[in-house]
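Under my numbering, read the sequence shown as residues 21 to 79, first letter to last. A virtual CB, placed ideally from N, CA and C, is assigned to each residue, including glycine. The structure appears below as structure tokens.
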Amino acid sequence: MDLDELGRQLRDTQWGWAALATALAPVQIWARARRWVYLFPPRSNPAGLVPAIWIGYMA
Numbered sequence: 021m022d023l024d025e026l027g028r029q030l031r032d033t034q035w036g037w038a039a040l041a042t043a044l045a046p047v048q049i050w051a052r053a054r055r056w057v058y059l060f061p062p063r064s065n066p067a068g069l070v071p072a073i074w075i076g077y078m079a
């Protein structure tokens, strides 16, 4: 890892946009999980969609 390059990248980061993206991440993950609800039959109410999306992102 080039620590000088890492330092340059961190200095050039637009922290406002990074904070906004971090704050909105749970909202977009919830929206993606909610989208899956429409792919299941009515009244099936599958549990665990949000955790499944989180696990998929960590993989």
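Following the DSSP letters along the chain, one finds Ala72 inside the alpha helix (DSSP H) bounded by residues Leu69 to Met78. If you check the CB distance, Leu69 and Trp56 come in under 8 Å. Ile73 counts as buried, since at least 16 other C-beta atoms from the protein chains shown sit within 10 angstroms of its C-beta. When DSSP states are grouped into helix, strand and coil, Leu23 belongs to the helix group.
The straight-line gap separating the alpha-carbon atoms of Gln29 and Trp35 is approximately 11 Å.
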